[in-house]
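**Student:** Got a structure for you, written out below as structure tokens; questions coming shortly.
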Amino acid sequence: MSDENDNKNEELVKVATAKIQAFYGKDGVGKSLNDLMKGEHFREIPEFLSPTNTVKMISCGTASELSGKIACYTRSDNKMAVKHYWPLVKCVTIKVPNTKELLEHIVLLDLPGTGDCNKTRDDMWKSHLSQCSSVWIVNDIQRAASDREPWMILESSFSYLIQGGECENITFICTKTDDINPKNYLGSPDLKNTELHLDLEKKGAAERKRGCIQHRNEQAKIMLGERFNDEVVKKKPFIQMEKIFQVFTVSAEEFQNDENPILEQKQTEIPQLKQVLEDMNERHSKTAVKDYISGVYGILSLIKAANSNDSTMVEMKSNMYQLLKESLEEQLSTITSLMTKHYNDLKKLLSEGVAKSKKSCLQIAKDKVITPEARKDGRGYHRTLSSLCRNKGFCRSTNGDITDLNKTLAESMYTAINEKFAVIFPNAGTTGESIYKKICNFSIISDSMAKEWENTPMSLYLMFLTTEENVLKDKLKRDVLLRKKVIYESLTDEVKIIMCPCYEEASKISGKGTLTKTQELLVQHIDSSKNMFANAQKKMLEGFENLMEYIEQTLRTELLESLKRSLKTPNSLSLPDVSEQLKNMETYKMLALRDRTSQI
Numbered sequence: 001m002s003d004e005n006d007n008k009n010e011e012l013v014k015v016a017t018a019k020i021q022a023f024y025g026k027d028g029v030g031k032s033l034n035d036l037m038k039g040e041h042f043r044e045i046p047e048f049l050s051p052t053n054t055v056k057m058i059s060c061g062t063a064s065e066l067s068g069k070i071a072c073y074t075r076s077d078n079k080m081a082v083k084h085y086w087p088l089v090k091c092v093t094i095k096v097p098n099t100k101e102l103l104e105h106i107v108l109l110d111l112p113g114t115g116d117c118n119k120t121r122d123d124m125w126k127s128h129l130s131q132c133s134s135v136w137i138v139n140d141i142q143r144a145a146s147d148r149e150p151w152m153i154l155e156s157s158f159s160y161l162i163q164g165g166e167c168e169n170i171t172f173i174c175t176k177t178d179d180i181n182p183k184n185y186l187g188s189p190d191l192k193n194t195e196l197h198l199d200l201e202k203k204g205a206a207e208r209k210r211g212c213i214q215h216r217n218e219q220a221k222i223m224l225g226e227r228f229n230d231e232v233v234k235k236k237p238f239i240q241m242e243k244i245f246q247v248f249t250v251s252a253e254e255f256q257n258d259e260n261p262i263l264e265q266k267q268t269e270i271p272q273l274k275q276v277l278e279d280m281n282e283r284h285s286k287t288a289v290k291d292y293i294s295g296v297y298g299i300l301s302l303i304k305a306a307n308s309n310d311s312t313m314v315e316m317k318s319n320m321y322q323l324l325k326e327s328l329e330e331q332l333s334t335i336t337s338l339m340t341k342h343y344n345d346l347k348k349l350l351s352e353g354v355a356k357s358k359k360s361c362l363q364i365a366k367d368k369v370i371t372p373e374a375r376k377d378g379r380g381y382h383r384t385l386s387s388l389c390r391n392k393g394f395c396r397s398t399n400g401d402i403t404d405l406n407k408t409l410a411e412s413m414y415t416a417i418n419e420k421f422a423v424i425f426p427n428a429g430t431t432g433e434s435i436y437k438k439i440c441n442f443s444i445i446s447d448s449m450a451k452e453w454e455n456t457p458m459s460l461y462l463m464f465l466t467t468e469e470n471v472l473k474d475k476l477k478r479d480v481l482l483r484k485k486v487i488y489e490s491l492t493d494e495v496k497i498i499m500c501p502c503y504e505e506a507s508k509i510s511g512k513g514t515l516t517k518t519q520e521l522l523v524q525h526i527d528s529s530k531n532m533f534a535n536a537q538k539k540m541l542e543g544f545e546n547l548m549e550y551i552e553q554t555l556r557t558e559l560l561e562s563l564k565r566s567l568k569t570p571n572s573l574s575l576p577d578v579s580e581q582l583k584n585m586e587t588y589k590m591l592a593l594r595d596r597t598s599q600i
């Protein structure tokens, strides 16, 4: 057997060996499965073998105590003189009490770093990143601008974050800002004999260090901003840097220093970072309160309206029902018109992407994945391609390098639609042509209708219907966000389906010339399967068309039901007088609306 074949699964073997040694010790390697599954190994974690309870609960009084107790479940430090359970752990959830103002509606998710390279964790990255509304990248300030790892993370996962996700902002957090030697810092070639150097040399030790910290912090923010612009914005012109990117330079050491701090609390930037969390949490809290108040207000309005026994009410309700039913169809036509325009635009752009993909996909695939210039000698690259084929076109190495042939093949199609897709489905705010904006503005109750019935019992029905509309629109916006992710990923998914038979066949190649045979097979399959791009176009358009139908059908069905429930039901029931409760809810509703307006 060749060296290629001998090393084919080397990476997988290393990962498996590390896991076995962590849990069983060095003696575990080479033991049979029956020996490894003996109950004696799981005495301290009986939950692992329990058919009903797979969650282990650990409660502690302090953060430091908890950190010590969970270390064996989360850390892979070989120097720890305890048994490691991390190979068996799928997820660790930490709940912190008494943080209602900070974390009531916020989940902080710590994803594995680039050094964690197995399929389970790759899948975790893909599935969880698309659900994050904000992403924090934490790094030592001394490596923040130069370290390639954060930029690799961004480059490889950007589509999962933005178009295929719901990320509204990306935050770089530079840590250990207090770790600085003023003498060395001021003596660097860039600062020697500068005005800053001469000025700080006259200061006391504490003030000199503070000046160095603040100067380095400012420089880090500038450099990170420039790099984000070069690495992301220039490559993806639909990204607006000022809306999505921010940097914090923090010092936990100085924040907790109560005796002789060099920095003021605010200068550590931890209070500002905490404020970001509080603002985010408060937005969710106010939304929850607003939705609750709106729901109660709508029900009370309908109860009060049902108590009205005016003889003209039946006719007025019938007239209102007809007017609102007609208005519903008119408003639906405006949404359908906008989405049809978007559909046609996407179709045109996708067609351009298909044509370009057919022409250049093979060369792009060769240059970036199959026979990259950087790995021209092929030394060790057979392992990357073998891993890629076993994982259906995706591979993440131990140093964080990501190779994704499916995404590479769909690259020209994504380039064609990305800007338009960001207009249709923006994550932060709403564009004039976005579906979210159209849903937000949707209402079957016109200003003239509201004014006409303002001081009549019929206004109570309008209040109820307005509430029903708002609840439905909030639900629709969330559903659109979820479907948008599926629509965006449909291009890569369809390419993956067409490529899977090739990956399966290639993963079975062994012996002498494995690399060459794998490369030839991939090239032949791509060259003979260029219809996959037209299939991918069809899949995305089908997804968008289904979304159009879903929005229209949901609005029509739900609002017609609300109209019937409120305006087609006879006022024959004896219901309690809720005038006082309605008045109170009106006050709460106005307060909630004022808070929402101030946020906007």
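Per full-length UniProt numbering, the very first residue in the sequence shown carries number 1; after that it's consecutive.
All C-beta atoms, glycine included, are put in the ideal place defined by N, C-alpha and C.
(1) Alpha carbons only, please: which of Ile106, Gln21, Gln142 and Asp147 is nearest the one belonging to glutamine 135?
(2) State the Cα-Cα distance for the pair glutamate 47 and serine 156, rounded to the nearest angstrom.
(3) Figure out for me which residue from Leu349, Met313, Ser59 and Leu277 has the closest Cα to the Cα of serine 133.
(4) With valine 138 as the anchor, note down where its beta strand (DSSP E) starts and where it stops.
(5) Can you say whether valine 13 is buried or exposed, counting buried as having 16 or more other CB atoms within 10 angstroms of its CB?
(6) What does glutamine 246 pair with, by DSSP beta-bridge criteria?
(7) Terminal residues of the continuous alpha helix (DSSP H) containing threonine 334?
(8) Output needed for asparagine 427: all residues of its chain with C-beta closer than 7 Å, excluding positions within five of it in sequence on either side, in chain order.
(9) Would you verify that the beta carbon of asparagine 139 is, or is not, closer than 8 Å to some beta carbon of chain C?
(10) Anyone know if the C-beta pair for leucine 349 and alanine 416 falls short of 8 Å?
(11) Is the beta carbon of arginine 216 closer than 8 Å to that of isoleucine 262?
(12) Indicate whether leucine 521 and cysteine 502 have their beta-carbon atoms separated by less than 8 Å.
(13) Can you name the start and end residues of the beta strand (DSSP E) that arginine 75 belongs to?
(14) Identify the residues that DSSP records as bridge partners of isoleucine 402: which are they?
(15) Nearest-angstrom Cα distance between isoleucine 20 and glycine 28?
(16) Going straight from the alpha carbon of leucine 460 to that of threonine 334, what length do you get?
(17) By how many angstroms is the C-alpha of methionine 37 removed from the C-alpha of serine 146?
(18) Using CA atoms only, rank isn't needed, just tell me which of Ala71, Val354 and Gly164 is closest to leucine 481.
(19) When the Cα atoms are used, what is the spatial distance from asparagine 470 to phenylalanine 394?
(20) Hey, which unbroken runs of the alpha helix (DSSP H) at 4 residues or more fall wholly within the stretch 422–498?
(21) Using CA coordinates, which residue listed in Val314, Val523, Glu549 and Glu282 is at the minimum distance from lysine 100?
(22) Which of the three DSSP states, helix, strand or coil, is assigned to glutamate 264?
(23) In whole angstroms, what is the alpha-carbon distance linking cysteine 117 and arginine 565?
(24) Within the continuous alpha helix (DSSP H) that includes cysteine 389, where are the two ends?
(25) Comparing alpha-carbon positions, which option in Arg208, Lys539, Ser562 and Leu541 lies nearest leucine 328?
(26) Determine the DSSP secondary structure at proline 87, reduced to helix, strand or coil.
(27) Measuring CB to CB, does cysteine 91 end up less than 8 Å from lysine 83?
(28) Tell me the rounded alpha-carbon separation between methionine 320 and lysine 477.
(29) Are the beta-carbon atoms belonging to glutamine 272 and phenylalanine 245 less than 8 Å from one another?
(30) Buried or exposed: where does glycine 353 fall if 16 or more other Cβ atoms within 10 Å of its Cβ makes it buried?
(31) Taking only three categories from DSSP, how would you classify lysine 512?
(32) Measure from the alpha carbon of glutamine 524 to the alpha carbon of each residue in Lys69, Leu559 and Ala365, then state which is nearest.
(33) Among the residues of its own chain, which have a CB less than 6 Å from the CB of glutamate 231, if the five just before and after it don't count?
(34) Kindly indicate which three-state DSSP category asparagine 531 falls into: helix, strand or coil?
(35) Might you give, ordered along the chain, the residues of its own chain that have their beta carbon closer than 6 Å to the beta carbon of isoleucine 498, omitting 5 neighbours on each side?
**Tutor:** Working from what's here:
(1) Walking along the sequence shown from the start, residue 135 turns up at place 135. The amino acid at residue 135 is misidentified as glutamine; the sequence shows valine. Looking at Ile106, Gln21, Gln142 and Asp147, the one whose alpha-carbon comes closest to that of valine 135 is Ile106.
(2) Taking the first residue of the sequence shown as position 1, residue 47 is located at position 47. Taking the first residue of the sequence shown as position 1, residue 156 is located at position 156. Taking the straight line from one Cα to the other gives about 36 Å.
(3) What you label residue 133 is simply residue 133 of the sequence shown in a count that begins at 1. Comparing Cα positions, the closest option is Leu277.
(4) Position 138 of the sequence shown, counted from the first residue, corresponds to residue 138. Where valine 138 is concerned, the enclosing beta strand (DSSP E) stretches over 134–140.
(5) By 1-based counting over the sequence shown, the position of residue 13 is 13. Looking at its Cβ environment, which holds fewer than 16 other Cβ atoms inside 10 Å, valine 13 is exposed.
(6) Walking along the sequence shown from the start, residue 246 turns up at place 246. For glutamine 246, which the question treats as bridged, DSSP gives the partners Thr171.
(7) As a first step, residue 334 must be located in the sequence shown, where it is residue number 334. Start and end: 313–365.
(8) Counting from one through the sequence shown, the residue named residue 427 turns up at place 427. So the qualifying residues of the chain are Ile162, Glu166, Cys167 and Glu168.
(9) No chain C is part of this structure, which consists of one protein chain only.
(10) Within the sequence shown, the letter at position 349 stands for residue 349. Within the sequence shown, the letter at position 416 stands for residue 416. Yes.
(11) Sequence index remark: in the sequence shown, residue 262 carries index 262 (1-based). Sequence index remark: in the sequence shown, residue 216 carries index 216 (1-based). No, the pair does not count as a contact, with Cβ atoms beyond the cut-off.
(12) One-based indexing of the sequence shown puts residue 521 at position 521. One-based indexing of the sequence shown puts residue 502 at position 502. Yes, they are a contact pair.
(13) Against the sequence shown, residue 75 aligns to sequence position 75. No beta strand (DSSP E) contains arginine 75, which DSSP labels as neither H nor E.
(14) For this step, residue 402 is matched to residue 402 along the sequence shown. Bridge partners of isoleucine 402: Arg396.
(15) Counted from its first residue, the sequence shown places residue 20 at position 20. Counted from its first residue, the sequence shown places residue 28 at position 28. Taking the straight line from one Cα to the other gives about 6 Å.
(16) Counted from its first residue, the sequence shown places residue 460 at position 460. Counted from its first residue, the sequence shown places residue 334 at position 334. Going from the Cα of leucine 460 to the Cα of threonine 334 covers about 27 Å.
(17) Counted from its first residue, the sequence shown places residue 146 at position 146. Counted from its first residue, the sequence shown places residue 37 at position 37. About 46 Å.
(18) One-based indexing of the sequence shown puts residue 481 at position 481. Nearest to leucine 481 by alpha-carbon distance, out of Ala71, Val354 and Gly164, is Gly164.
(19) Against the sequence shown, residue 470 aligns to sequence position 470. Against the sequence shown, residue 394 aligns to sequence position 394. Rounded to whole angstroms, asparagine 470 to phenylalanine 394 spans 42 Å at the Cα level.
(20) 435–441 and 447–452
(21) As a first step, residue 100 is located in the sequence shown; it is residue number 100 there, counting from the start. Selected option, being the one with the closest Cα: Glu282.
(22) Residue mapping note: residue 264 aligns to position 264 of the sequence shown, counting from 1. The answer is coil: DSSP assigns glutamate 264 none of H, G, I, E or B.
(23) Along the sequence shown, read from residue 1 onward, the residue named residue 117 stands at position 117. Along the sequence shown, read from residue 1 onward, the residue named residue 565 stands at position 565. Bear in mind that a pLDDT of 49 at cysteine 117, under 50, signals an unreliable position, so the number given afterwards is only what the model happens to contain. Taking the CA atoms as reference points, cysteine 117 sits about 55 Å from arginine 565.
(24) By one-based count along the sequence shown, residue 389 stands at place 389. Where cysteine 389 is concerned, the enclosing alpha helix (DSSP H) stretches over 381–390.
(25) Locating residue 328 in the sequence shown gives position 328, where the first residue counts as 1. Nearest of Arg208, Lys539, Ser562 and Leu541 to leucine 328, Cα basis: Ser562.
(26) The count along the sequence shown starts at 1 and reaches residue 87 at position 87. Correct three-state label for proline 87: helix.
(27) Start at 1 with the first residue of the sequence shown, and residue 91 comes out as number 91. Start at 1 with the first residue of the sequence shown, and residue 83 comes out as number 83. No, they are not a contact pair.
(28) The sequence position of residue 320 within the sequence shown is 320, counting from 1. The sequence position of residue 477 within the sequence shown is 477, counting from 1. CA-CA distance, methionine 320 to lysine 477, rounds to 27 Å.
(29) Within the sequence shown, numbered from 1, the residue matching residue 272 stands at position 272. Within the sequence shown, numbered from 1, the residue matching residue 245 stands at position 245. Result no, Cβ atoms of glutamine 272 and phenylalanine 245 do not sit closer than 8 Å.
(30) Residue numbering aside, residue 353 sits at position 353 when the sequence shown is read from its first letter. Buried.
(31) The sequence position of residue 512 within the sequence shown is 512, counting from 1. Three-state DSSP puts lysine 512 in coil, outside helix and strand.
(32) Numbered from 1 along the sequence shown, position 524 holds the residue referred to as residue 524. The option with the nearest alpha carbon to glutamine 524 is Ala365.
(33) Numbered from its first residue, the sequence shown carries residue 231 at position 231. The residues are Trp151.
(34) Numbered from 1 along the sequence shown, position 531 holds the residue referred to as residue 531. In this structure, asparagine 531 counts as coil in the three-state DSSP scheme.
(35) Within the sequence shown, the letter at position 498 stands for residue 498. Ser529 and Met532, listed in sequence order.
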